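Chains as they are written, first to last, in my numbering: chain A, 207 to 494; chain B, 618 to 728. Notes follow once the structure below has been shown.
What follows is the structure in structure tokens.
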């Protein structure tokens with residue numbers, strides 16, 4: 207009974223609050239609109255406007271004055287002030303994002319050294335998942351050619367990022383063919399478009415993907431890659447899985463994702479699983 | 618190394634037989650599955666296998682689920698099994714060995 211009353215009072219209070227916010231937001235426009243309407247009616251009176259319709263002119267003028275004062279007195283903060291506040295908030299968010307990005311990059315440098323993947327052919331990147339796409343948080347490569355960022359976001363099902371994200375245990379090791387045509391075919395099979403393939407600066411021959419998780423939530427993917435054949439191995443993924451640096455990176459990625467406009471939904475999608483028809487091996491029988 | 622021996626991995630790779638006519642592709646996939654089943658019987662580490670048509674015409678997805686094998690040797694093992702399977706098909710046909718080309722591969726930790 208008590209809960210029911212509280213819920214009702216709460217609903218009414220929220221309704222009243224909403225009404226006053228609505229009124230405050232729309233009051234200058236409503237008063238201005240009403241003034242215009244009264245002036246139109248007064249103008250339509252023709253010759254009688256200055257005699258019997260004079261009161262309409264007074265009412266219209268009063269409404270217009272009230273609209274003018276409401277714009278300054280009631281609607282606070284002003285539109286100008288709100289614009290300034292928004293710009294300031296965006297600047298602050300950008301600075302915080304830059305600080306987080308730098309922090310993750312420093313950790314990637316340390317991780318590359320620990321994993322001995324800081325050669326001229328290697329690269330490490332961290333992505334966070336949001337709304338069916340991956341967005342890059344930070345990247346580290348000793349080679350400046352590989353350190354560039356060309357794309358802002360990546361589709362969830364594309365390449366080694368998508369493979370690791372969708373893998374049951376969140377780990378995937380991808381080996382690509384060395385030949386250009388075979389490499390392109392493999393990339394297409396992994397969901398990359400011809401345009402994307404043409405724009406790649408690094409044609410990695412080995413990639414390792416590790417899904418970043420915080421508690422029970424998947425937040426992003428860490429990718430290690432190299433243009434040297436057979437350089438990326440399972441041992442690297444094992445080292446990453448045990449590394450406290452990666453745990454810290456995952457925490458930062460979760461914080462980074464929450465700073466995006468709709469970051470609270472960044473973990474809503476569940477990893478997809480492509481069904482494969484595995485056949486169990488039955489020992490002692492070899493049916494043809 | 619102990620951890621490696623207790624974990625299960627899945628290796629899936631794309632295989633192309635360039636000399637294989639597309640008209641007999643589906644029946645060949647079925648025969649390859651049978652041959653792989655026979656070939657893996659000599660590999661106790663292999664728990665399951667996968668042979669199915671790939672995403673594009675002429676491609677075959679070939680995979681092995683294995684335990685107690687260092688993943689560094691998974692590719693060699695997959696190559697050996699595939700070669701044996703192709704030999705089994707060639708023996709039963711009495712024809713030439715078809716040349717298989719393995720392209721990209723994906724190794725995932727299954728459990």
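Note that CB positions come from ideal geometry on N, CA and C, so glycine has one too. Keep in mind that this is a model prediction, so the values were computed, not measured.
query                                                                                                                                                             : result
Figure out for me which residue from 452/A, 303/A, 351/A has the closest Cα to the Cα of residue 325/A.                                                           : 351/A
Around the C-beta of residue 286/A, are 16 or more other C-beta atoms found within 10 angstroms, so that it is buried, or is it exposed?                          : exposed
At the level of alpha carbons, what is the spacing between residue 409/A and residue 433/A?                                                                       : 6 Å
Given a cut-off of 8 Å, decide if residue 380/A and residue 721/B are closer than it, judged by their beta-carbon atoms.                                          : yes
Please return the same chain residues whose Cβ sits closer than 8 Å to the Cβ of residue 471/A, not counting the five positions on each side in sequence.         : Residue placement at residue 471/A cannot be trusted, given a pLDDT of 41 that sits under 50; the coordinates are not used to answer.
Verify the CB distance criterion: does residue 643/B have a CB-CB separation below 8 Å to chain A?                                                                : no
Taking only the alpha-carbon atoms, compute the straight-line gap between residue 317/A and residue 682/B and give it to the nearest angstrom.                    : 30 Å
Do residue 651/B and residue 666/B count as a contact pair if the criterion is CB distance below 8 Å?                                                             : no
Report yes or no: do the segment 366-373 of chain A and the segment 693-703 of chain B share at least 3 C-beta pairs separated by less than 8 Å?                  : no
Who are the Cβ neighbours of residue 371/A in its own chain at under 8 Å, not counting the five residues just before and after it?                                : 335, 340, 362, 415, 417, 424, 427, 477
From the beta carbon of residue 611/B, is the nearest beta carbon of chain A less than 8 Å away?                                                                  : Within the shown structure, residues of chain B are numbered from 618 to 728, placing residue 611/B beyond reach of any answer.
Going along the segment 657-687 of chain B in order, which residues come within less than 9 Å of chain A, judged by CB to CB distance?                            : 657, 658, 660, 661, 663, 664, 665, 666, 667, 668, 669, 671, 672, 673, 676, 678, 680, 682, 687
At 3 residues or longer, what runs of the beta strand (DSSP E) sit wholly inside the segment 377-458 of chain A?                                                  : 377-381, 412-420, 423-432
Counting beta carbon pairs with one atom in the segment 342-351 of chain A and one in the segment 381-390 of chain A, are three or more of them shorter than 8 Å? : no
Kindly indicate which three-state DSSP category residue 519/A falls into: helix, strand or coil?                                                                  : No information on residue 519/A is available, as it lies outside the stretch 207 to 494 that chain A covers here.
Mind pulling the chain A residues with CB within less than 8 Å of residue 704/B?                                                                                  : Neighbours of residue 704/B on chain A: none; closest Cβ ~14 Å, over 8 Å.
Residues of chain B with CB under 9 Å from residue 380/A, in chain order?                                                                                         : 721, 722, 723, 724
Give the list of continuous beta strand (DSSP E) stretches no shorter than 3 residues that lie fully inside the segment 662-687 of chain B.                       : 663-670, 676-684
My guess is that residue 689/B and residue 437/A are in contact by the Cβ rule of under 8 Å, so how many angstroms apart are they, rounded?                       : Wrong, their Cβ atoms sit about 12 Å apart, outside the cutoff.
Does DSSP put residue 326/A in a helix, in a strand, or in coil?                                                                                                  : coil
Mapping DSSP to helix, strand and coil, what is residue 361/A?                                                                                                    : strand
In terms of alpha-carbon separation, which member of 726/B, 624/B, 674/B lies closest to residue 634/B?                                                           : 674/B
Quick one: is residue 653/B buried, meaning 16 or more other Cβ sit within 10 Å of its Cβ, or exposed?                                                            : buried
Looking at the secondary structure, which residues open and close the alpha helix (DSSP H) in which residue 289/A lies?                                           : 285-320
In this structure, what does DSSP give as the bridge partners for residue 631/B?                                                                                  : 678/B
Between 395/A, 302/A, 313/A, 244/A, which lies nearest to residue 347/A when the distance is taken from Cα to Cα?                                                 : 313/A
Scan the segment 386-405 of chain A for residues whose Cβ lies nearer than 7 Å to a Cβ of chain B and list them as they occur along the chain.                    : 388, 391, 392, 395
State the beta-bridge partners of residue 718/B as determined by DSSP.                                                                                            : 633/B
Under 8 Å, do residue 273/A and residue 237/A count as touching if we go by C-beta distance?                                                                      : yes
Which of helix, strand or coil does DSSP assign to residue 487/A?                                                                                                 : coil
How long is the line joining the alpha carbons of residue 228/A and residue 222/A, rounded to whole angstroms?                                                    : 10 Å
Closest to residue 280/A by C-alpha separation, out of 231/A, 481/A, 269/A, 246/A, would be which residue?                                                        : 231/A
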